[in-house]
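J.: The opening residue of the sequence shown carries number 766 in my numbering; numbering runs sequentially from there.
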Amino acid sequence: MNTISISQLKINPSKAIREALYYPIAVENRNKIKGYLLGKDLYEKIVAFIEDNIDKRAVETTDFKKGEDFDKVLKELNI
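(1) So, do the region 815 to 827 and the region 797 to 805 have three or more beta carbon pairs nearer to each other than 8 angstroms?
(2) Taking buried to mean at least 16 other C-beta atoms within 10 Å of its own C-beta, is ILE848 buried or exposed?
(3) List the residues that DSSP assigns as beta-bridge partners of SER770.
(4) DSSP has GLY800 in a bridge; who is on the other side?
(5) Alpha carbon to alpha carbon, how far is LYS780 from GLN773? Give it in angstroms, no decimals.
(6) In the DSSP assignment, the alpha helix (DSSP H) including THR826 goes from what residue to what residue?
(7) What did DSSP end up calling LEU786 once you bin it into helix, strand or coil?
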């Protein structure tokens, strides 16, 4: 994984963001990772993946044979 120091990030944030478009960059402070920099597209893909898995799990765990209402499930998922 690529890393960048906070000092380097302050000097050229545009370059760091450009480099983080396709793969996360670990941001270090005193040689300890304090956070990660993600590009917009990668962040949106991660969020979509998580949301899809939450939705899938909700549908899989709902027992429609017991009469649970699909509209109720959709409402719980904010759909």
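Think of the CB as a built atom: it goes at the ideal place given N, C-alpha and C, for glycine as much as any other residue.
T.: Reading off the structure:
(1) Too few Cβ pairs lie closer than 8 angstroms, so no.
(2) Here the chain has residues from 766 to 844 only, and residue 848 is not among them.
(3) As a first step, residue 770 is located in the sequence shown; it is residue number 5 there, counting from the start. Per DSSP, the beta-bridge partners of SER770 are GLU793.
(4) Residue mapping note: residue 800 aligns to position 35 of the sequence shown, counting from 1. DSSP output for GLY800 lists VAL792 as bridge partner(s).
(5) If you number the sequence shown from 1, residue 773 lands on position 8. If you number the sequence shown from 1, residue 780 lands on position 15. Going by the C-alpha atoms only, they are around 10 angstroms apart.
(6) Sequence index remark: in the sequence shown, residue 826 carries index 61 (1-based). Residues 805 to 826.
(7) Reading the sequence shown from its first residue, position 21 is the one you call residue 786. Here LEU786 sits in coil by DSSP.
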